[in-house]
Amino acid sequence: DTNGNIEYVNQKFLDLTGYSREELIGKNPRILKSGETSPEEYKRLWKTISEGGAWKGVFHNKKKNGELYWELASISPIKDKDGKITHFLGVKEDITDRKRAEEALQKTLKELSELNKNLDKRVDEELRKNREKDRILIQQSRLAGMGEMIGNIAHQWRQPINALGIIIQNLIPAYENKKLTRKYLENVVQKSMDIIKNMSGTIDDFRNFFKPEKEKEQFSIKEAIEKTISFMEASLTDYNIKVEFKFTKDVLRMGYFNEYCQALVNILSNARDAVIEREIKKANIWIELKEKDGISCVTISDNAGGIPEDIIDRIFDPYFSTKPQGTGIGLYMSKMIIEKSMGGRLFARNILDKKRGKGAQFTIEL
378 DTNGNIEYVN QKFLDLTGYS REELIGKNPR ILKSGETSPE EYKRLWKTIS EGGAWKGVFH
438 NKKKNGELYW ELASISPIKD KDGKITHFLG VKEDITDRKR AEEALQKTLK ELSELNKNLD
498 KRVDEELRKN REKDRILIQQ SRLAGMGEMI GNIAHQWRQP INALGIIIQN LIPAYENKKL
558 TRKYLENVVQ KSMDIIKNMS GTIDDFRNFF KPEKEKEQFS IKEAIEKTIS FMEASLTDYN
618 IKVEFKFTKD VLRMGYFNEY CQALVNILSN ARDAVIEREI KKANIWIELK EKDGISCVTI
678 SDNAGGIPED IIDRIFDPYF STKPQGTGIG LYMSKMIIEK SMGGRLFARN ILDKKRGKGA
738 QFTIEL
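Written out as structure tokens, the structure is:
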């Protein structure tokens with residue numbers, strides 16, 4: 378009513394708050410206050426609707442059992458034929474799950490931003506101080522890999538962020554054309570939450586990628602290759618680099634799945650960087666998985682022109698890099714992972730093919 382006391386609530390409201398109809402009728406909505414919404418916001422609300430306007434905003438309210446929840450509220454005055462306000466109508470939507478998802482996403486984005494901000498500085502400091510220690514080499518390799526993956530996440534998030542922007546931009550035209558119905562809003566919310574969920578899943582994959590593995594386990598080499606391609610796909614596609622993966626059958630091996638993937642990422646990153654530096658127009662990377670005499674063989678080939686013959690014997694040396702911003706530890710750590718950690722073999726050579734052209738080929742035997 379005009380005093381702000383409740384005259385009617387529907388069953389959905391009762392289910393949400395935990396109160397009975399008898400407990401609410403005649404009471405003021407302040408019974409739901411949690412103390413999280415500022416008094417100034419309530420004053421603005423009351424001033425708006427008392428003057429005949431509609432108010433829309435978010436409350437952080439409290440249920441009967443003390444549990445806090447978020448609701449999107451729209452409150453409008455109801456007027457008689459003379460234009461006098463007789464009642465106020467409130468329409469509310471429980472958006473607790475959405476708020477929690479948004480908060481979790483913001484927290485993760487902040488963590489990634491801080492990590493990315495300090496990454497280059499940390500790598501430079503540790504390399505300068507501890508070049509002689511293998512432990513630091515491994516740590517720096519992981520940090521460099523994380524930097525690579527952050528870059529891949531940025532590429533992967535471009536499209537969903539654009540999609541969210543379009544969804545938000547379409548709200549005003551929908552409102553102006555009187556198409557902003559509840560069904561329209563529910564559809565918009567669902568689409569947005571699906572996009573956010575997929576973006577959050579990318580972060581989960583990123584975290585799992587860098588989980589340390591204590592013991593060797595049997596893993597699928599085909600799965601490792603496919604996972605690595607998936608991680609790198611966006612950054613490769615942005616530079617029009619086509620990746621082809623061929624295999625006759627899957628091969629299982631004992632080892633460290635995540636470390637194997639990291640070795641592949643380092644090799645693919647080098648191929649991508651060579652393509653970019655040399656401005657290859659129709660760039661390709663070919664990955665092939667075979668098994669011969671009980672040995673798995675993975676070849677990664679490109680058409681970026683190959684490795685200069687005067688340095689090909691040094692590319693696996695620690696701190697050796699031809700790139701101005703390179704750390705020189707990616708290929709070194711890939712060799713350590715394959716040969717020291719897993720007892721395999723990693724080597725590189727230049728190839729010349731009539732159809733594919735000239736390029737580098739890395740081979741992993743395990």
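Going by the numbering used here, the sequence shown opens with residue 378, and the numbers climb by one from there.
Just so it is clear, CB atoms sit at the ideal spot from N, CA and C, and this is done for glycine as well.
Span of the alpha helix (DSSP H), counted from its first residue to its last, around residue i
i: proline 416; result: 416-427
i: glutamate 636; result: 634-655
i: leucine 708; result: 707-712
i: lysine 389; result: 388-394
Backbone CA spacing between residue i and residue j [nearest angstrom]
i: phenylalanine 436; j: lysine 494; result: 35 Å
i: serine 490; j: arginine 499; result: 14 Å
i: lysine 441; j: isoleucine 426; result: 26 Å
i: glutamate 502; j: alanine 540; result: 39 Å
i: isoleucine 677; j: arginine 726; result: 11 Å
i: glycine 395; j: leucine 486; result: 35 Å
i: aspartate 627; j: leucine 666; result: 8 Å
i: leucine 557; j: asparagine 564; result: 11 Å
i: asparagine 382; j: leucine 496; result: 56 Å
i: asparagine 661; j: glycine 707; result: 21 Å
i: lysine 469; j: lysine 484; result: 27 Å
i: glycine 542; j: glutamate 479; result: 15 Å
i: serine 412; j: glycine 434; result: It is glycine, not serine, that sits at residue 412 in the sequence shown. Their Cα atoms are separated by approximately 16 Å.
i: glutamate 686; j: alanine 648; result: 16 Å
i: glutamine 639; j: tyrosine 446; result: 42 Å
i: glutamate 600; j: arginine 475; result: 33 Å
i: glutamate 384; j: aspartate 378; result: 7 Å
i: aspartate 392; j: glutamate 488; result: 37 Å
i: leucine 548; j: lysine 389; result: 26 Å
i: arginine 655; j: glutamate 444; result: 60 Å
i: lysine 555; j: lysine 410; result: 32 Å
i: tyrosine 561; j: proline 537; result: 20 Å
i: glutamate 742; j: glutamate 448; result: 58 Å
i: aspartate 694; j: valine 652; result: 22 Å
i: leucine 629; j: leucine 492; result: 35 Å
Start and end residues, beta strand (DSSP E) containing residue i
i: alanine 601; result: No beta strand (DSSP E) contains alanine 601, which is instead part of the alpha helix (DSSP H) from 598-614.
i: glutamate 325; result: Given a span of 378 to 743 for the chain in the structure shown, any question on residue 325 remains unanswerable.
i: lysine 717; result: It is not in any beta strand (DSSP E) - lysine 717 carries neither H nor E in the DSSP assignment.
i: lysine 626; result: No beta strand (DSSP E) holds lysine 626; DSSP gives it neither H nor E.
i: glutamate 668; result: 660-669
heavy atom of the ligand NAD below 8 Å from residue i C-beta
i: lysine 484; result: With respect to the ligand NAD, the structure offers nothing, as it holds no ligand at all.
Beta bridge counterpart(s) of residue i as assigned by DSSP
i: glycine 553; result: Checking the sequence shown, residue 553 turns out to be glutamate, not glycine. Beta-bridge pairing links glutamate 553 to no other residue.
i: proline 454; result: Phe465
i: isoleucine 741; result: Val675 and Leu723
i: methionine 576; result: Answer by DSSP bridge pairing: none, since methionine 576 is not bridged.
i: glycine 434; result: Ala450
i: glutamate 594; result: Gly632
i: asparagine 547; result: Asparagine 547 is not bridged to any residue.
i: lysine 735; result: Leu729
i: isoleucine 618; result: Ala660
i: lysine 410; result: Asn438
i: glutamate 470; result: Leu449
Proximity below 9 Å, CB of residue i to CB of residue j
i: phenylalanine 596; j: isoleucine 606; result: no
i: isoleucine 408; j: valine 386; result: no
i: alanine 737; j: aspartate 679; result: yes
i: glycine 683; j: lysine 619; result: no
i: lysine 568; j: isoleucine 544; result: yes
i: valine 566; j: methionine 609; result: no
i: threonine 414; j: asparagine 438; result: yes
i: isoleucine 455; j: threonine 463; result: yes
i: serine 718; j: isoleucine 644; result: no
i: lysine 659; j: methionine 631; result: no
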